[in-house]
Each structure stands twice: as structure tokens, then as C-alpha cells.
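Presented below is the structure to which this report refers.
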Amino acid sequence: MAELFEWHRQQHRSDRSSTARVTASSSVFFLACSPAYLSVPHSRPLPYVRASNTHQVKMGSETETVNVEGIPFPAEITVGNPLSLLATGITDIEIHFLQIKYNAIGVYLHNAGGGDSTTLLGHLGAWKGKTAEELLADTAFWAALVAAPVEKLFRVVVIKEIKGSQYGVQLESSVRDRLAAADLYEDEEEEALEKVADFFQSKYFKPGSVVTFHFPAPASASPGPAAEITFATEGKGDARIAVENGNVAGMIQTWYLGGDSAVSPSTVRSLADRFAALLAVAA
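Mapped onto the numbering used here, the consecutive letters of the sequence shown carry residue numbers 2 to 284.
The structure is reproduced here in C-alpha cells:
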């Protein structure tokens with residue numbers, strides 16, 4: 002019996018040793034195959050991202066929420082006018098068949114009733130009866146949406162932490178390219194865009210941090226700014242910057258609402274689906 006017990010003990014020790022070797026080998030293989038730039042010093046599982054998103058940008062009153070990747074977005078936000086959540090999406094990238102999600106996005110627009118050109122649906126009336134696929138392919142529709150004379154707000158919530166400078170460089174590069182293509186990139190635009198990039202330079206996008214882009218309706222934009230950007234993160238006060246240059250503000254809108262050239266295809270798809278439905282029943 003003693004010999005049998007000793008045999009079992011040796012087998013158990015051997016199994017534990019083998020398991021440890023397999024685990025260690027697997028860890029080395031995973032680290033070797035993982036791109037270095039995917040390493041995040043303070044990363045946690047996605048449930049932590051969801052649970053930590055208790056910080057909300059303090060902008061007007063908020064109502065019930067809609068969840069996007071576990072992150073709550075108010076169905077309505079009131080800043081100047083009541084703004085409805087018309088579309089949601091994410092920014093992401095796929096690396097070696099692994100989807101990396103960076104931000105969740107909510108697009109809010111002032112969707113007042115009426116069919117005249119000063120209302121959202123009145124301004125987009127030419128596309129009444131179009132399908133979502135037709136809207137997706139129509140660059141004129143997206144240009145008209147950007148030009149719509151209504152109050153707009155984009156709420157961007159961080160899922161995967163990055164440096165604010167990385168986000169700022171991406172925004173600056175994309176907006177500059179759009180301005181240059183439209184022959185609108187002059188000294189005033191360059192200065193305004195550099196200020197926006199500098200605003201993000203010192204920020205750190207922790208999970209749950211919120212970037213808000215607020216675009217007042219054109220009629221109310223004078224003498225105020227063309228846009229205001231707010232950054233909020235847990236444990237710190239909100240930081241704000243005004244964007245005085247209308248061309249820069251317009252191209253920031255295009256970065257998010259620019260159809261097939263926008264930063265988030267899923268947000269654009271959500272917008273196309275929503276507007277196809279809204280315009281189908283518009284007066």
C-alpha cells in the first residue's frame with residue numbers, strides 16, 4: 002500500500018510539472034506573437050471597462066440610456082436644444098483576425114419636427130424614399146448632413162486606453178487632408194488645427210474617458226465658436242477648447258459623418274439605417 006501511495010504522489014508531482022511547462026510555453030508563444038504596440042500598461046478585461054464607465058460629461062440634462070459595447074449613452078442630451086441619439090458605432094481595427102475596439106460613438110442631432118429647410122429632415126428631404134444602401138453610396142447626402150443647419154453633438158467614449166496625442170495626430174492628419182483636398186487649408190486653418198492637436202497632446206485616454214464635440218446650430222454660432230471640444234476623465238476636471246474656425250469644425254464633422262471616408266464605418270451604417278427609416282415617414 003505504501004508503494005502504491007508513493008507512486009500516486011510521484012505521478013501527481015509529474016502532472017503538475019508538465020502543466021506548468023505547458024502554461025509557460027503557451028505564455029511565451031502568445032507574447033511572441035502579440036504585436037508590441039498592443040501592450041497596455043494598465044489594461045484590464047472588458048468588464049472593467051464597462052464597470053468603470055460611471056463618469057459622464059456634465060452637459061445639460063440626460064435621460065434613459067442606450068448601451069454600446071456595454072457603455073451607456075443617454076438617449077437624449079440637452080445642451081442648447083434637446084438632442085436625440087440617432088446613431089451609434091465604434092472605431093476599431095483588426096490585427097491578425099483579432100478585433101481591437103478603441104472607442105464607442107454616439108451621434109446626437111437636433112431632430113425637431115417640421116418639413117422646412119431649417120429642420121433636419123426638411124434639409125434632407127431630397128433623399129426621402131431612399132434605402133440605407135443608397136444613402137451609404139451617396140456622397141451628396143453626407144455632405145448635406147454635415148451642412149445641415151442644426152445643433153449636433155458627438156460623444157466618444159474610450160474603450161481601449163491610448164495616449165491623447167495618438168488620437169490628436171489622427172484627427173489632425175485626417176482633417177488636414179480633407180481641408181487640403183477642398184483647397185481650404187490656409188494659415189488660419191493650420192493654426193486652428195494645431196490648437197486642437199495640442200489640446201489632446203497632454204491627455205491620457207483611460208477607459209471610460211469621454212470626448213465630446215459640440216457644434217451649435219449656425220444661426221446661434223455667432224459670436225460664439227463654431228465648435229467646442231470637451232475632454233473628461235475620472236478624477237480630473239473637464240478640459241475644454243473652442244474651435245473658432247468654421248472650416249476646421251466642418252471637417253471634424255466630416256471625419257465622423259463623411260460616408261465611406263468617415264472614421265467609423267459602423268456609425269455611418271447606423272446613420273444610414275436611421276435616416277432611411279426617418280425619411281420614409283417624413284412629411
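Don't be surprised by glycine CBs; every beta carbon is placed ideally from N, CA and C.
First and last residue of the uninterrupted alpha helix (DSSP H) at G169: G165 to A182
Take every Cβ of the stretch 229-240, pair it with every Cβ of the stretch 204-212, and state whether three or more of those distances are shorter than 8 Å. Yes, they touch.
Please determine, among L136, Y109, A281 and G225, the residue with the shortest C-alpha to C-alpha distance to V290. The question about residue 290 has no answer here: the residues shown for the chain are numbered 2 through 284.
Please report the straight-line C-alpha distance between R177 and A250, rounded to a whole angstrom. 12 Å
Of the listed residues N82, L87 and F74, nearest to D274 (C-alpha basis): L87
Span of the alpha helix (DSSP H) holding I253? Secondary structure note for I253: its alpha helix (DSSP H) is the uninterrupted segment G247 to L258.
Can you tell me where the alpha helix (DSSP H) holding A267 begins and where it ends? Checking the displayed sequence, the identity of residue 267 turns out to be Ser instead of Ala. P266 to A281 is the span of the alpha helix (DSSP H), which, as asked, contains S267.
So G165 and S118 are supposed to be a Cβ contact under 8 Å. How far apart are they, rounded? Not confirmed; about 38 Å, so no contact.
A133 lies in the beta strand (DSSP E); which residues open and close that run? Where A133 is concerned, there is no enclosing beta strand (DSSP E), although the alpha helix (DSSP H) it sits in stretches over A133 to A138.
CB-CB length for L185 against A149, believed under 8 Å: By a beta-carbon distance limit of 8 Å, L185 does not contact A149. Their separation comes to about 19 Å.
Is it buried or exposed for S271, if we count other Cβ within 10 angstroms and need 16 for buried? buried
Touch test, the stretch 96-111 against the stretch 78-87, Cβ-Cβ under 8 Å, three pairs minimum: The stretch 96-111 is in contact with the stretch 78-87.
Name the two residues that bound the continuous alpha helix (DSSP H) containing D93. No alpha helix (DSSP H) holds D93; the beta strand (DSSP E) holding it covers P83 to I96.
Rounded to whole angstroms, what is the Cα-Cα separation between Q57 and H124? Because the pLDDT at Q57 is just 39, under 50, the model does not fix this residue reliably, and the value given afterwards should be weighed accordingly. When rounded, the distance between both Cα atoms is 31 Å.
Looking only at C-alpha atoms, which of F216, K102 and E229 sits nearest to A240? In terms of CA proximity to A240, E229 leads the group F216, K102 and E229.
So, at 8 Å on beta carbons, what are the nonlocal neighbours of F30 in its own chain, with the 5 sequence-adjacent residues on each side left out? Here F30 scores only 32 on pLDDT, less than 50, and its place in the model is too uncertain to base an answer on.
E190, DSSP secondary structure in three states: Here DSSP, grouped into helix, strand and coil, assigns E190 to helix.
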